[in-house]
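A.B. asks: Read in full-length UniProt numbering, the sequence shown has 323 at position 323, and its numbers run on one by one without any break.
For glycine and all other residues, C-beta sits at the position ideal for the given N, C-alpha and C.
Being a predicted model, the structure only gives us computed values, none of them experimental.
Can you keep this structure in mind? I'll have questions shortly.
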Amino acid sequence: MNDSTTRALRLGTRRSKLAMAQSGQIAEAVRELTGRPVELVEITTYGDTSREHLAQIGGSGVFVSALRDALLAGDIDFAVHSLKDLPTTQPESLALAAIPVREDPRDALIARDGLTFEQLTADEDRVARIGTGSPRRMAQLNAWARSLGRRVETVPIRGNIDTRIGFVEKGELDAVVLAAAGLTRIGRIDEATQLLSPDVVLPAPGQGALAIECAAVNVDLVAQLAELDDPDTRAAVTAERSLLAALEAGCSAPVGALADLSPSSRLRSSRGGPKAGEQAVTELHLRGVVGTTDGGTLVHLSTTGHVPASPDDVSAPLKLGRELAAEMLAKGAAGLMGERAL
Ligand SMILES: NCc1[nH]cc(CCC(=O)O)c1CC(=O)O
């Protein structure tokens, strides 16, 4: 027996409930896939220990760097990240071996008394206080309130999901906004009082998707883990992250993006699906938003392109993201991001 193919695979993970939940889920899939035991190795990251607000720490990837150091040092074999926490530039020494099927990408509102955003803002005598430190969420929540002729106060908060929901449970805030995917993964999605439509609040690029990363030199493992990849999810998040990268914005910038895939109308109309020699094509619809955190100005644009239905090659989504970013920049997006003082 060859030790390197039968010993336990070491999965590096942060200690938070969310990280443990998503690592546990992927560990199970990797056990099934490889027939090898998977052992969780807890790693503490700067993002977990810092008491500063994320936006003040500034740099992207604060949750990620300790896991990556452990991968490169050979202390762990692979790691599972929330894709939205990954910087858009991928180090050559590390491979995004798989991006599995995405969870619900939307943001969710957890408000007191089961209220929706519209109900929360309806009270003219009381400005609702909503917890979020994300400039993207602030910009879109403030813009939404303005469109209803109302106002909200956004309050920066930090901490894990349970801590954030605790502000509402203790009556310190009227609501918090969190990613639906995170709530689902820790088993608290039932507490969402409203799922926010992407027509009103676009999620962070990559939200709801996970990334399985390992050292690029570990070619056999990269190839094995690739079985867990979902090409549609990879195409969608590649377009979203390409937009983010081309806007030269970091993870704390007020940028929202969401790509949807649907079978191309070109093919739907040709009965019986693709004929021999004809390539199946998927339609990729990409929406993006950049705004000022006060919600006074939002640049909201969308575009549609065609991508191969199961792309090994992500050049089409990359191009779509870059093109939409260029259009947004032409509409003044850079100036709006410059406003970001947080
Ligand atoms: N910024 C923190 C973060 N990173 C990933 C998730 C969970 C959702 C996901 O996997 O996209 C969250 C929490 C949140 O935004 O509510």
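#1: Look up residue 222 in the DSSP assignment and say whether it is helix, strand or coil.
#2: Give the DSSP-derived three-state secondary structure of residue 130 in the structure shown.
#3: Return yes when the C-beta of residue 85 is under 7 Å from any heavy atom of ligand 1, and no when it is not.
#4: Could you give the DSSP three-state label for residue 172: helix, strand or coil?
#5: Looking only at C-alpha atoms, which of 89, 87, 43 and 172 sits nearest to residue 73?
#6: What residues in its chain sit with their C-beta under 6 Å from that of residue 232, if we drop five residues either side in the sequence?
#7: Tell me the DSSP bridge mates of residue 262?
#8: Apart from the five residues on each side of it in sequence, which residues of its chain come closer than 6 Å, Cβ to Cβ, to residue 9?
#9: Name the residue from 216, 117, 179 and 189 whose alpha carbon lies nearest to the alpha carbon of residue 202.
#10: Am I right that residue 211 and residue 120 are in contact with their C-beta atoms under 8 Å? What's the rounded C-beta distance?
#11: What are the boundary residues of the beta strand (DSSP E) that includes residue 301?
#12: Should residue 205 be labelled buried (16 or more other beta-carbon atoms within 10 Å of its own) or exposed?
#13: According to DSSP, is residue 82 part of a helix, a strand, or is it coil?
#14: Within this structure, are the beta carbons of residue 131 and residue 101 separated by less than 8 Å?
#15: Tell me the rounded alpha-carbon separation between residue 20 and residue 14.
#16: For ligand 1, any of its heavy atoms closer than 7 Å to the Cβ of residue 90?
#17: Run through the DSSP bridge pairs and tell me what residue 90 is partnered with.
#18: Grab me the residues of residue 12's own chain with a C-beta within less than 6 Å of its C-beta, minus the 5 sequence neighbours each way, in chain order.
#19: Within 7 Å: the Cβ of residue 25 and any heavy atom of ligand 1?
#20: In the DSSP assignment, find the beta strand (DSSP E) that holds residue 107 and state where it starts and stops.
C.D. replies: Taking the definition as stated:
#1: Numbered from 1 along the sequence shown, position 222 holds the residue referred to as residue 222. DSSP places residue 222 in helix when its eight states are reduced to three.
#2: As a working note, residue 130 is residue 130 in the sequence shown. Here residue 130 sits in strand by DSSP.
#3: If you number the sequence shown from 1, residue 85 lands on position 85. Checking the Cβ of residue 85 against ligand 1 gives yes.
#4: For the purposes of this step, residue 172 is taken as residue 172 along the sequence shown, with counting starting at 1. Residue state, collapsed to three classes: coil.
#5: Translated into the one-based positions of the sequence shown, residue 73 becomes position 73. Measuring from the Cα of residue 73, the nearest candidate turns out to be 43.
#6: Along the sequence shown, one-based indexing puts residue 232 at 232. Taken in chain order, the residues that qualify are 261.
#7: For the purposes of this step, residue 262 is taken as the residue at position 262 of the sequence shown. DSSP output for residue 262 lists 283 as bridge partner(s).
#8: For this step, residue 9 is matched to residue 9 along the sequence shown. If we look at residue 9 and ignore the five residues flanking it on each side, its Cβ neighbours are 36, 38 and 77.
#9: Here residue 202 refers to the residue found at position 202 of the sequence shown. Minimum Cα distance to residue 202 is reached at 179.
#10: On the sequence shown, residue 211 is found 211 positions in, with the first residue counted as 1. On the sequence shown, residue 120 is found 120 positions in, with the first residue counted as 1. About 34 Å; that fails the 8 Å criterion.
#11: Numbered from 1 along the sequence shown, position 301 holds the residue referred to as residue 301. It spans 298-308 - the beta strand (DSSP E) in which residue 301 sits, taken as one unbroken run.
#12: Position 205 of the sequence shown holds residue 205. When all chains shown are included, residue 205 counts as buried.
#13: Position 82 of the sequence shown, counting from 1, holds the residue named residue 82. If DSSP states are grouped into helix, strand and coil, residue 82 belongs with the strands.
#14: If you number the sequence shown from 1, residue 131 lands on position 131. If you number the sequence shown from 1, residue 101 lands on position 101. Not in contact: residue 131 and residue 101 (Cβ atoms no closer than 8 Å).
#15: For the purposes of this step, residue 20 is taken as the residue at position 20 of the sequence shown. For the purposes of this step, residue 14 is taken as the residue at position 14 of the sequence shown. Spanning the two alpha carbons is a distance of roughly 7 Å.
#16: For the purposes of this step, residue 90 is taken as residue 90 along the sequence shown, with counting starting at 1. Residue 90: no, Cβ never under 7 Å from ligand 1.
#17: Counting from 1 along the sequence shown, the entry for residue 90 is found at position 90. Bridge partners of residue 90: none, in fact.
#18: Counting from one through the sequence shown, the residue named residue 12 turns up at place 12. So the list reads 41, 43, 67, 70, 76 and 79, once near-sequence residues are dropped.
#19: Residue numbering aside, residue 25 sits at position 25 when the sequence shown is read from its first letter. Checking every heavy atom of ligand 1 against the Cβ of residue 25, none is found closer than 7 Å.
#20: The residue given as residue 107 occupies position 107 in the sequence shown. 107-111 is the span of the beta strand (DSSP E), which, as asked, contains residue 107.
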